[in-house]
Structure formats: C-alpha cells, structure tokens
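Residue numbers (our numbering), protein chains in the order written: chain D, 10 to 243; chain U, 7 to 870.
Accompanying notes for the structure given below.
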C-alpha cells in the first residue's frame with residue numbers, strides 16, 4: 010500500500026514500512042551565512058520530519074532520494090552538523106537508513122562511515138525501485154521492478170484563479186513504457202520547485218507529464234487534482 | 007523634526023568687480039576665450055572665492071561646470087605661480103555620470119594647458135596642476151600613478167569617492183581638502199544621492215578644514231531642500247537661482263486630424279509621418295521617449311517607414327546600450343553627423359552633445375522638471391532658445407501635456423523627494439567607516455547625522471544597523487559571519503575579517519543589479535523584434551498563453567529560452583496576470599494635482615462650450631484645436647458619468663467577470679499605488695478573499711467579489727492607513743524585489759565574493775532565503791524595515807496619500823459613486839492597462855482547499 014504523507018511516501022507491505030523522502034539539499038543556505046545573517050533550514054526540516062513520523066510511527070527503512078547535502082565536496086562544519094542532526098532524528102524512527110546517491114553527492118564516504126547509512130545507486134524493494142533520477146540505471150529495467158520512485162526534478166505546480174496564483178510542491182504519478190512512475194518533490198523547504206506546466210523538468214526519460222496525475226501538497230495535506238493535461242486545459 | 011538651516015539667496019556680482027578677483031593669467035585666458043562672465047559665473051565666482059558653500063541652479067547650457075571650477079583654478083594658479091602647490095588633493099569633483107573624461111578635458115585640462123602656455127609666453131613658470139580621473143573604469147596602473155603623484159583635482163563618481171575614503175594613502179591626501187563639487191545634484195535625489203551625502207560627511211570628518219561645497223543643478227525644486235541636502239546639517243549654503251534667461255518655445259501636436267485618430271492603433275503610424283516632417287524641417291532633432299523599449303522601437307519604425315532616408319543618420323542612446331556604443335553616438339552627434347537621435351533618459355543629463363535644433367517629447371514626460379530638462383537640451387548654448395514639441399498619443403496624454411505646458415511656461419517646478427534614513431545605505435557606509443579605523447559609536451553617529459538624509463536618524467535605528475552588521479541577529483551564534491565588531495563596554499566599532507576591504511570595494515554602490523529577460527516577438531507580425539525587458543521574477547509567474555502588459559502593449563507569452571521570453575503581439579484579450587513590473591515613469595504628484603485643479607476650472611464652465619474652450623486655450627497656452635479636443639473629452643466624461651476634479655473623486659462601478667470599483671483619483675501613480683492597496687486590503691478583509699488592483703496616474707481600480715466601497719472607504723483613516731498599507735504589502739512581489747535591492751545595498755547579499763561575481767538569479771534565490779530568515783528573526787529587522795520604507799516612501803508616496811485620506815476624512819474631498827454600464831472615457835486607459843497586483847488575504851492552504859473543492863465539483867458535474 011502506498012500513501013502520501015506531506016512530502017513523503019509511505020509504502021506498507023507485510024508489516025514492513027518504508028518511508029521515502031525527496032532531495033534535502035542540506036547546506037543550501039550556506040551562502041547567506043556569509044552575509045552575516047545566520048539562518049538554518051535544519052530546524053524546519055527536523056520539525057517537519059517529526060510531524061511525519063508522528064503520523065507514520067516507526068518505520069523499517071527510510072530512503073532518501075539523493076542530494077542529501079547541497080555541496081558535499083565543499084561541505085563545512087555547519088553542513089555536517091545539520092546532517093548529524095537529521096540523521097540522528099531519522100535513526101530514532103527507522104531501523105535502516107538508505108541514501109540513494111544523487112548528482113550532488115560527491116565524496117559522500119563520511120556519510121557512510123560516520124552515520125551508519127547505506128549508500129546505494131538504486132534501492133529496490135518489493136518491485137519499487139528508488140533512484141535519484143539524474144541518470145538511467147539498469148536496475149530500473151529489471152523485470153521485478155514495477156514502479157520507479159524518483160527525486161531530482163523538484164516538481165511543483167502553479168495553481169491559478171484569475172490573477173491569483175500560488176506555487177505548490179507536488180507529486181506526479183503516471184506510466185512510462187511498462188513501468189509506473191512516481192515523481193517526488195524535494196523535501197528541502199527553502200525553494201518550492203519548478204512549475205511542471207511551463208518548464209521542462211530535467212529527467213533523462215521522455216515522460217509525458219500531461220498524462221500524469223497531479224497531487225498538490227501544503228503542509229501535511231495532499232490534494233488530488235486529476236490529470237495534469239486536463240487541469241491545464243481548464 | 008529639527009529646524010532646517012537657513013539658505014540665503016546669492017546676489018550676482020558686477021562683471022567689473024569679478025574681473026579684479028582673477029589672477030592676471032586666468033583673467034587674460036578667460037577674456038581671450040569669452041566676451042564676458044556669464045550670469046551663472048556672476049552668481050557663483052565671488053561666493054566660491056569667499057569660501058562659502060553654494061548651490062548653483064541654472065538652466066542647461068548655463069556654463070555651470072566652468073563657473074564652479076573658475077575660482078578654484080584661479081586659486082591653484084596663484085599657488086602654482088608662487089610655487090606653493092602642495093602634494094595634496096585641493097578639490098574633489100563628483101558627478102553621477104561616468105562618462106566624464108571628455109568634459110573634464112574641455113573644462114579643466116584645456117584651460118590649464120592654455121593658461122600654462124600663456125604663462126610660459128610671459129616668462130612665468132607655473133608648477134604643474136595635476137588632474138586625476140577616478141571612476142570604476144580607471145585602470146590599476148592609473149590608480150597606482152595617482153597614489154604616487156597626488157592629483158590636485160580629483161574627478162570622481164560617488165562610488166569611487168567612497169572607495170577612495172577607505173584607501174589610507176588617499177585619505178592622507180584629503181586631510182586638507184578645500185573644495186567639493188557635486189555636479190548634477192538634481193539627478194541625485196535618490197539612494198545614490200543618500201550614498202553621496204554620507205560619503206561627503208565622511209570626507210569632511212577626515213578633513214581638518216571644512217571644504218567648500220559647490221552644488222550644480224539644473225531646474226529643481228524646492229531649492230532650500232536641495233541646498234540643505236548638499237550642505238548637510240549646520241552649514242549655510244547660499245542659493246544661486248540663476249534665472250531662466252531662455253524663453254522656451256513649446257508646441258503640442260498629435261498625429262491625425264483629431265486626437266481620437268491618434269488613439270486608433272491603425273492610424274498610429276501617422277506619428278511617424280509627423281515625426282518625419284518635424285525632423286525634416288530641422289538640422290538636428292533629439293527625440294525623448296519614456297522607455298528604453300520605445301526608443302528602440304521608434305528607431306526601427308522610422309527606418310522601416312522611410313527606407314534609406316535615415317540610414318546612417320539616426321541613432322539610439324539609452325542606458326542599456328554599451329558604453330562604447332553610447333560614446334560613439336555622442337561623438338557623431340557632436341560632429342553633426344546625425345540628423346536625429348532617440349533617447350529615453352540617458353541624454354537628460356549634461357553630457358555635451360553639441361547643438362540640437364529641436365527636442366521632441368514623445369508622450370507626456372510626466373513632470374515639469376523632466377520636461378524642462380529635456381527641452382533644455384535644444385540650443386545647448388548660452389542664450390539660444392530651446393525649442394520643443396510635445397507629441398501626444400491619447401486624450402489623457404493630451405490633457406497631461408497641456409497642463410505641463412502651462413507649468414513649464416509659468417516655471418512651476420514639481421518638488422523632488424529625497425529619501426531619508428535609508429538603513430541599507432547606512433549599513434554600507436558604517437562598514438566602510440569601520441574598515442578605515444576604529445570608531446567610537448557616538449562619534450560615528452554624529453558624523454552620520456550631519457547628512458541631511460540622516461539628520462533625524464534615531465539612535466535605535468543606528469543601533470539596529472550596528473547589531474545587524476555585528477551579527478547580533480544570528481539565530482545561532484556559531485553561524486555568524488559578522489562584518490564589524492561592536493564592543494558594548496567601550497562603545498567602539500571596528501571591522502571584522504581579513505576580507506573586509508575586498509568585500510566592501512567589490513560590492514559598493516546603490517544601483518541594484520537586475521536580472522532582466524528580454525521579451526522578443528516569437529510569432530506573427532514583427533517576429534524577432536525585441537519589445538522590452540521584464541524582471542526574472544515576473545517570468546517565473548508566467549504560464550504558456552498568459553497575457554501581460556509591457557510598455558502599455560499587451561503580449562501573449564509563448565515560451566522562454568535562456569534569457570529571452572518569446573511572445574505574440576497584437577493581443578486584444580484582457581491580461582491574465584498582473585503586471586507588477588513596470589518601466590513606465592510615474593506622473594509627478596504636483597502635476598497630477600495641477601490636472602485636478604484644471605479639471606475643476608473647466609468643470610465650472612462646462613455648460614458654456616465657447617467660454618470653456620477659450621479658457622482652456624489661455625490657461626494652457628495651447629491652440630484652439632487642442633483646447634477643443636480637451637473640452638470634448640471632459641464633456642464626454644461629464645455626460646457619461648461625472649468629471650472628477652481636485653474636490654471630488656468619482657468612483658465608477660460596473661460589473662464584468664468581477665465587480666469593478668474604478669476610482670478617478672488624479673494624484674499620480676506613486677500616490678495611487680498606496681490608495682489602491684489600502685482600499686483593496688480593507689475590501690479583502692471584509693470577505694477574506696483576494697482583491698485585484700490596477701493602478702494608473704489618473705486613478706486606480708479594485709476588482710473582486712462584492713465590493714462594499716462605502717464601508718471600505720470608512721475603514722481607512724489617517725490613523726490606521728500606514729499600518730494597513732504595510733500589512734497589505736507583506737506578501738507582494740514589490741516588497742520581495744525591493745528587499746533584494748536593500749539586501750544587496752546593505753551587503754547581506756554579496757554581488758561579488760572571493761573574486762566571483764554572483765548571478766542575479768543566485769542573488770534572487772538568496773534574497774528569498776533571507777527574507778524568510780529575517781522574518782523569522784524579527785519583523786523589525788532593519789533591512790526588512792528599510793525595504794518597507796523604500797516601497798512606501800520612495801517607490802510609492804505615502805505622505806501625499808495620507809493627505810488625500812485626511813481630506814476624505816474631513817470631507818473637503820468628496821467621493822461620489824456612480825454606476826455605469828461599462829467603463830467611462832476617463833477610465834478606459836486604466837481599464838485597458840489591466841491589473842497590476844493582487845492583494846492577497848486568502849491563506850495558501852485555504853486557496854488550495856477551495857480550488858480542490860472546485861475541481862471536485864467540476865468532476866461531479868461532468869459525471870452527472
């Protein structure tokens with residue numbers, strides 16, 4: 010069974026529970042620290058994770074869909090401190106923590122060594138295959154995989170009524186060839202994402218997004234808006 | 007408020023008296039080149055010689071620069087003859103224009119060279135007088151040379167002056183500075199001027215003598231304020247208001263037989279024929295448009311409509327063009343190679359452009375001072391009559407220009423607004439000051455308060471900026487990257503970090519960097535033609551098929567690629583998204599009020615057509631045709647609804663997809679931005695729904711569901727207006743955008759860091775974070791407060807809006823609601839221009855829930 014809980018996806022089967030979360034981009038805000046005003050999204054991220062776990066309870070596995078740190082190669086103490094806080098929190102609620110390697114995740118060895126994290130290129134569980142989404146991988150095309158769960162693209166949708174418009178993070182669910190596809194929004198709170206109706210989202214596959222179902226997210230609530238293409242026509 | 011210092015008028019001296027003041031060499035050189043002193047020189051030479059501060063306000067072409075320098079040159083020559091010139095900077099000249107080198111040569115190098123030669127011929131050896139030019143373009147080697155051999159006169163820009171002030175070797179040479187010239191001061195009634203005013207106070211704080219301040223200005227008002235701005239606190243600045251000797255010849259024209267012809271899109275081509283005719287009957291014509299985009303378009307159309315006729319003889323000049331291109335155009339203009347030049351604002355300032363026979367202003371210049379400045383570019387030689395033509399394109403334009411003509415002829419100049427207590431500029435200077443030395447906080451505050459712009463700065467505001475720079479606002483102290491340190495015990499301030507000077511030098515200035523997307527026609531007629539520029543943030547909100555307004559025209563967004571947005575032109579449908587980004591100049595409040603008074607006077611005579619037309623003709627100094635057109639326009643409005651005046655705002659109500667309330671309030675866009683927002687906010691609060699607004703110089707509209715205007719108007723009082731305005735602004739793009747500018751000025755966002763320039767896109771992302779962060783820290787974070795202040799005081803005009811609300815409260819201004827079947831003649835332009843913003847009251851989640859409900863209902867309906 011699959012459920013959207015805020016920006017996370019909960020998969021449940023035979024007493025196993027898997028929580029999947031999109032790109033975190035910890036340390037994205039570093040640049041502004043240089044400006045003399047310290048701000049941190051870590052506290053916001055932790056608060057949001059606590060709210061999700063309050064709804065899901067303990068899970069067997071938590072999968073992070075890559076781009077955990079915004080700039081691994083240059084990550085400083087503050088970023089690592091952020092990682093430590095988040096990983097500690099995640100470990101409190103899950104038995105196993107898996108990170109799918111993303112394009113920002115260069116030099117991530119400390120993550121594995123220090124934080125007891127399993128680092129993989131793809132992670133498959135009961136036909137669900139989680140990848141970051143910046144490149145195609147053979148694991149996605151194996152017979153046992155029926156659903157791809159993908160991060161990377163930061164999908165969002167701008168809802169309009171007359172002159173009013175608001176941008177929301179969104180899930181998109183559809184099919185590609187024989188596989189079911191779920192595009193996951195970024196978990197990072199600082200930026201909402203890219204409006205999928207106007208801008209091309211950078212995936213290496215030619216998804217026909219207009220046939221995908223759209224789910225808009227605000228806080229912990231998720232609302233279904235039907236097929237993207239039909240909504241656009243309206 | 008503190009008492010303003012007195013600024014006495016300066017009395018001109020007799021030519022014969024002035025003659026005796028000059029050193030023989032200078033005198034002989036001067037009279038070898040000129041017949042006599044100009045009136046400007048008669049006003050200024052004596053006072054500068056007596057070492058008294060002076061503001062010289064004279065029309066363009068009034069020999070201002072030489073007037074400012076002549077007494078200084080005279081003094082330096084007498085020192086040079088006695089071999090008493092020291093290695094120090096005697097005079098600093100600053101101008102907002104970077105393109106100074108040529109003018110400096112004409113105004114300084116050439117006279118110095120000629121005087122030196124004259125001395126040589128007479129066996130007098132003068133010590134060389136060195137002139138140094140320091141702008142952002144000055145090379146490293148040139149700067150090093152200046153450090154080795156101190157120039158006696160330093161020519162610079164406000165930004166470069168601030169850099170000089172953090173360079174120890176130059177500061178030493180400035181310790182006995184004797185003169186400061188501020189040129190084009192009328193163009194500095196903005197944050198750049200605020201920046202300069204603080205730089206001047208810093209300069210004076212270092213100097214052991216208080217240098218004589220000389221301000222040079224074109225037509226500007228009120229002169230007392232500008233004099234105070236120049237002199238700062240406690241300095242008596244004499245005002246030399248050199249009378250406008252020049253008589254201006256102005257005409258008002260429109261293409262076609264009647265103004266209604268001009269409004270028709272199909273006959274708008276007539277404007278090119280009219281321009282061609284005017285250009286043809288003059289040697290050199292300068293055309294001013296109000297936007298850069300219109301400049302490009304006009305050049306393009308003239309070349310297209312008259313193939314071959316203008317090739318090589320027409321040029322465009324605007325601030326988006328490269329420096330080299332502009333220089334080339336100026337040079338060709340000076341040589342008389344161009345027959346016509348089209349410009350937006352860039353040629354308003356005093357670059358020497360040779361002689362121009364006619365200036366054409368295409369559409370209303372929106373302010374008397376601007377109109378005079380532009381027309382003054384014609385006959386740019388002393389005593390030549392400037393000739394100008396106002397070409398109007400619609401009826402609002404016609405009325406505006408007719409009133410402007412009256413104000414120009416009667417020399418009734420609109421008043422400039424100088425920003426006060428700008429905390430972002432203050433932050434930048436405090437950082438610069440801390441880099442130079444360790445300061446006592448009180449001493450620093452007293453230097454800052456000497457600037458006119460900060461004379462009323464509270465200690466709390468000052469302290470809040472210190473706290474920001476010292477990193478006190480940090481959420482967690484270990485994250486802090488403070489720029490200065492502040493020791494509460496000793497009350498001292500100093501710089502922090504090894505990179506402080508580099509960060510300061512590479513991020514100095516007040517002009518925001520903008521991320522512009524070029525808008526290009528991507529399909530249909532005019533494919534490939536650039537039509538203007540929009541802000542990056544604006545593009546982000548657009549969807550395929552959206553219709554938006556740019557430069558008064560409607561376009562449909564097709565797609566974007568890189569830094570270009572492709573659109574379709576010739577759209578008739580209503581805009582779908584609010585165009586909060588506008589390049590258009592706002593009508594000045596004073597001119598708008600003059601239009602209101604004019605309407606009242608015509609209204610009194612509206613029943614007597616002959617009398618009314620004769621009155622308009624004599625009142626506006628216009629032709630009978632123009633007067634008849636204006637009368638017909640006013641009469642049509644009176645018959646359809648009612649004529650709004652300075653005593654009565656007409657609120658026109660009609661219904662389309664939404665309920666419209668169109669306020670005919672002629673106060674200029676800066677005031678109407680305020681009124682529209684507070685009324686929309688009040689209307690929105692009643693129903694907790696969003697209200698859309700459209701803002702124009704002559705009025706504004708609200709569009710929403712069920713607008714109870716009477717109730718709304720009663721809710722706004724002098725007491726609560728500012729508070730409601732600030733609440734209404736909190737979620738707007740205008741505030742976000744201004745916050746980004748303020749954050750860059752206060753060095754929260756660094757444009758350049760560790761040698762790398764940050765893209766505007768990155769700056770935008772950072773500013774979004776920052777806004778989120780500072781709101782979390784404190785609603786009163788100084789730079790956020792500054793962004794709000796900038797929006798309501800500089801971009802908008804809260805002061806005059808309050809005056810209007812007060813008049814409504816006191817019932818000296820009435821509001822009359824009239825229901826109309828559709829939009830009235832006066833409302834047409836405003837209505838067509840579309841929505842400019844939305845006052846958002848509905849929460850993001852409520853909106854999502856409501857839209858989801860609507861979606862579900864649609865599905866259910868379809869299912870049924």
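Even glycine gets a Cβ: it sits at the ideal position worked out from N, Cα and C.
In this text, all values refer to a predicted model and were calculated from it rather than measured experimentally.
query: Quick check on DSSP: helix, strand or coil for residue 81 of chain U?; result: helix
query: Can you give me the C-alpha to C-alpha distance between residue 14 of chain D and residue 210 of chain D, rounded to a whole angstrom?; result: 23 Å
query: Whose C-beta lies closer than 7 Å to the C-beta of residue 31 of chain D among residues of the same chain, with five residues either side of it excluded?; result: 16, 74, 160, 193, 194, 195 and 196
query: List the residues of chain U that residue 206 of chain D touches, going by C-beta distances under 8 Å, in chain order.; result: 549 and 550
query: Under three-state DSSP, which class holds residue 8 of chain U?; result: Residue placement at residue 8 of chain U is flagged as unreliable, the pLDDT there being 46, under the threshold of 50; a coordinate-derived value is accordingly withheld.
query: Within the 9 Å Cβ cut-off, does residue 172 of chain D reach chain U?; result: yes
query: I believe residue 61 of chain U touches residue 245 of chain U by the beta-carbon criterion, under 8 Å. Please report the beta-carbon distance rounded to the nearest angstrom.; result: 5 Å
query: Closest Cβ-Cβ distance between residue 216 of chain D and chain U: below 9 Å?; result: no
query: Hey, would you say residue 474 of chain U sits closer than 9 Å to residue 172 of chain U, going by beta carbons?; result: no
query: What are the residues of the stretch 775–786 of chain U that lie near chain D, defined by any Cβ-Cβ distance shorter than 8 Å?; result: 775, 776, 778, 779, 780, 782 and 783
query: Taking Cβ positions, are residue 680 of chain U and residue 596 of chain U nearer each other than 9 Å?; result: no
query: I want to verify the contact list: residues of chain D whose CB lies under 8 Å from the CB of residue 607 of chain U, in sequence order.; result: By Cβ distance, chain D contributes nothing, its closest Cβ being about 38 Å from residue 607 of chain U, past 8 Å.
query: For chain U, find out if any of its Cβ atoms is closer than 9 Å to the Cβ of residue 227 of chain D; answer yes or no.; result: yes
query: I'd like to know whether the C-beta of residue 696 of chain U is nearer than 9 Å to at least one C-beta of chain A.; result: Structure shown: chain A not included; protein chains present are D and U.
query: What does residue 865 of chain U touch in chain D if you count any residue whose Cβ is under 9 Å from its own?; result: 235
query: With a CB to CB cut of under 6 Å and the five nearest residues on each side skipped, what residues in its chain are close to residue 796 of chain U?; result: 744
query: Quick check on residue 388 of chain U - is its C-beta less than 9 Å from some C-beta in chain D?; result: For residue 388 of chain U, the predicted structure reports a pLDDT of 49, less than 50, and the residue's modelled location is therefore unreliable. A value from the coordinates is still provided. False, the Cβ-Cβ gap to chain D never drops below 9 Å.
query: Would a check of beta-carbon distances place residue 180 of chain D closer than 9 Å to chain U?; result: no
query: Starting from residue 153 of chain U, follow the alpha helix (DSSP H) in both directions and report where the run begins and ends.; result: 146–154
query: Can you tell me the Cα-Cα spacing of residue 631 of chain U and residue 259 of chain U, whole angstroms?; result: 10 Å
query: Looking only at C-alpha atoms, which of D:204, D:145 and D:69 sits nearest to residue 212 of chain D?; result: D:145
query: Relative to the ligand GTP, is the shortest distance from any of its heavy atoms to the C-beta of residue 213 of chain U smaller than 8 Å?; result: Absent from the structure shown: the ligand GTP. Ligands present: none.
query: Beta-carbon of residue 12 of chain D versus every beta-carbon of chain U: anything under 9 Å?; result: no
query: If we define contact as Cβ-Cβ less than 9 Å, is residue 846 of chain U a contact residue for chain D?; result: yes
query: My guess is that residue 163 of chain D and residue 202 of chain D are in contact by the Cβ rule of under 8 Å, so how many angstroms apart are they, rounded?; result: 4 Å
query: Assign residue 493 of chain U to buried or exposed, taking buried as 16 or more other Cβ atoms, counted over all protein chains shown, within 10 Å of its Cβ.; result: exposed
query: Determine the burial state of residue 240 of chain U: buried for a count of at least 16 other Cβ atoms within 10 Å of its Cβ, exposed for fewer.; result: exposed
query: Near residue 86 of chain U, what residues of its chain come up, given a Cβ to Cβ distance below 8 Å and the 5 sequence neighbours on each side ignored?; result: 132, 133, 134 and 135
query: Taking buried to mean at least 16 other C-beta atoms within 10 Å of its own C-beta, is residue 482 of chain U buried or exposed?; result: Confidence is the limiting factor: at residue 482 of chain U the pLDDT is only 42, short of 50, which leaves the residue's position unreliable and the question unanswerable from this model.
query: Report all residues from its chain with a CB closer than 8 Å to the CB of residue 224 of chain D; omit the five preceding and five following residues, and keep chain order.; result: 13, 179, 180, 181, 182, 231, 232, 233 and 234
query: What distance in whole Å lies between the Cβ atoms of residue 540 of chain U and residue 527 of chain U, which are believed to be in contact at a cut-off of 8 Å?; result: That belief does not hold up - the Cβ atoms of residue 527 of chain U and residue 540 of chain U are roughly 14 Å apart, past 8 Å.
query: Taking contact to mean 3 or more Cβ pairs, one atom from each stretch, closer than 8 Å, check whether the stretch 331–343 of chain U and the stretch 351–366 of chain U are in contact.; result: yes
query: If I follow the unbroken alpha helix (DSSP H) through residue 682 of chain U, where does it start and stop?; result: 675–693
query: Would you report the Cα separation of residue 313 of chain U and residue 594 of chain U, rounded to the nearest angstrom?; result: 38 Å
query: Who are the neighbours of residue 177 of chain D on chain U, taking C-beta pairs under 7 Å?; result: 854
query: Pick out the complete alpha helix (DSSP H) segments inside the stretch 169–197 of chain U, 4 residues or longer, and give them in chain order.; result: 174–179
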